[in-house]
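If you read the sequence shown in numbering that gives the first Met the number 0, its first letter stands for residue 0, the second for the next number, and so on.
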Amino acid sequence: MSDTEEIDGDVYVFPRYLASTSWSVDPALEPLQALGFDFSCDDRDNTYAISPDHRVRLGFLPEGEDDGLWRINAYRDRFGPPVWGVSFNDVAPTEFVTAFTTALAQAYTAGPDTYLAEPDLKDPELGAFDALVPLIKNGWQFQHPRRGVMELQSPDGMATCEYTTGRLDPDRELTTLEARWHLWGGPKNGYAR
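Printed below as a string of structure tokens:
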């Protein structure tokens, strides 16, 4: 196939973290639609989804103020601050968002004790390692440590996971790109965070 030949149909990229967004919201929203989430759109084509109990909210924000294309938050009190939040930027693969919303739908079905589970208060910093075990088992390697950041890199060097230790400002963590976890993939000149 020449570089100028047009592709007709789906193109599958492997590994998935080298793909980009498809700008289609449907695959990522399907797991939540099946659970009765309420969907709405605004006049700028932003899409919003709210769980039946109002504890989980999703926003697909192509017309947002930054590159946070997807923002997902969970709340103990529907009028209180979020307990946790996730943001996917405008080049994150749609498959990543779909994998996340699928896992979220399973956790939501299991109930708030699952998707709003309290961290292990004995040592919250060590609890982060639980999320890293699958990566380590698949050959991801610790990188040069720097103060306050634990970093793992995929075997092919095309994806990285960072965990920031210590205290973070919860408001900034939920409204900016200053976050406890950062994941990105792709060539160094075009990371998708």
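All C-beta atoms, glycine included, are put in the ideal place defined by N, C-alpha and C.
Keep in mind the model is a prediction, meaning the values are calculated, not measured.
- Between residue 93 and residue 23, the C-beta gap is smaller than 8 Å, which places the two residues in contact.
- Per DSSP, residue 164 lies in no beta strand (DSSP E) and is assigned neither H nor E.
- Nearest to residue 53 by alpha-carbon distance, out of 142, 29 and 78, is 78.
- Around the beta carbon of residue 70, a 10 Å sphere encloses 16 or more other beta carbons of the protein chains shown; the residue is thus reported as buried.
- Taking a cut-off of 8 Å on C-beta distances, the stretch 59 to 69 does not touch the stretch 29 to 39, as fewer than three cross pairs fall below it.
- Residue range 67 to 73 is occupied by the beta strand (DSSP E) that includes residue 73.
- Its chain contains 60 and 62 as the residues whose beta carbon lies nearer than 6 Å to that of residue 45, once the 5 sequence neighbours on both sides are disregarded; these appear in chain order.
- The residue among 171, 73 and 148 with its C-alpha nearest the C-alpha of residue 112 is 73.
- Taking a cut-off of 8 Å on C-beta distances, the stretch 129 to 147 touches the stretch 161 to 169, as three or more cross pairs fall below it.
- Straight-line spacing of the CA atoms in residue 100 and residue 85 works out to 11 Å.
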